[in-house]
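> First the structure, which I've put down as structure tokens, then a few questions once you've had a look.
In the working numbering, the protein residues as written are 659 to 756.
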């Protein structure tokens, strides 16, 4: 992969950051039962607005259209694995704080 052609790194970074924040919000909700409106504002509003699933999908589409299959698979796998890992790590970290 030519790093000069990897234009999806910023989207990946923002999505992982959003997953870190979402894991924290989920843990806070489990610990203190946030009001539903506050939970929705943070989880769906802020984290949902921050992350960029539509951009992720469009970038995958263009990678596949350009036959950049290795980049497309790498992007998809990194996004999925790092996103889930970020949620799990931040959730556990916040839950462990007394």
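Virtual Cβ for every residue (Gly too), placed ideally from N, Cα, C. Given the structure is predicted, the values throughout are model-derived calculations rather than measurements.
Around the C-beta of residue 659, are 16 or more other C-beta atoms found within 10 angstroms, so that it is buried, or is it exposed?
Locating residue 659 in the chain shown gives position 1, where the first residue counts as 1. At residue 659, the pLDDT of 49 sits below 50, so the modelled position is not reliable and the matter cannot be decided from this model.
> Step through the CB atoms of chain D and report whether any lies within less than 8 angstroms of the CB of residue 725.
Protein chain content of the structure displayed is limited to a single chain, and chain D is not contained in it.
> By a C-beta neighbour count over all protein chains shown, 10 Å radius and 16 as the cutoff for buried, is residue 749 buried or exposed?
Position 91 of the chain shown, counted from the start, is the residue given in the question as residue 749. That one is buried.
> Between which two residues does the alpha helix (DSSP H) harbouring residue 743 extend?
Taking the first residue of the chain shown as 1, we reach residue 743 at position 85. 727-754 is the span of the alpha helix (DSSP H), which, as asked, contains residue 743.
> Leaving out five residues on either side along the sequence, give the residues of the same chain with a beta carbon under 6 angstroms from the beta carbon of residue 666.
The residue labelled residue 666 in the question sits at position 8 within the chain shown. Once the five neighbours on either side are set aside, the close Cβ partners of residue 666 are 717, 733.
> For residue 737 versus residue 670, is the C-beta spacing smaller than 8 angstroms?
Residue numbering aside, residue 737 sits at position 79 when the chain shown is read from its first letter. Residue numbering aside, residue 670 sits at position 12 when the chain shown is read from its first letter. Closer than 8 angstroms, so yes.
> Could you name the residues of the same chain whose beta carbon sits closer than 6 angstroms to that of residue 682, not counting the 5 residues immediately before and after it, in chain order?
For the purposes of this step, residue 682 is taken as the residue at position 24 of the chain shown. Sequence-distant Cβ neighbours of residue 682 in its own chain, meaning closer than 6 angstroms and more than five residues away, are 748, 752.
> Can you check which of these residues, 668, 675, 755, is closest to residue 705 by C-alpha distance?
Here residue 705 corresponds to residue number 47 of the chain shown, with the count starting at 1. Ranking the options by Cα distance to residue 705, first place goes to 675.
> Is the Cβ-Cβ distance between residue 672 and residue 708 less than 8 angstroms?
Within the chain shown, residue 672 is the residue found at index 14, counting from 1. Within the chain shown, residue 708 is the residue found at index 50, counting from 1. Yes, the pair counts as a contact, with Cβ atoms nearer than the cut-off.
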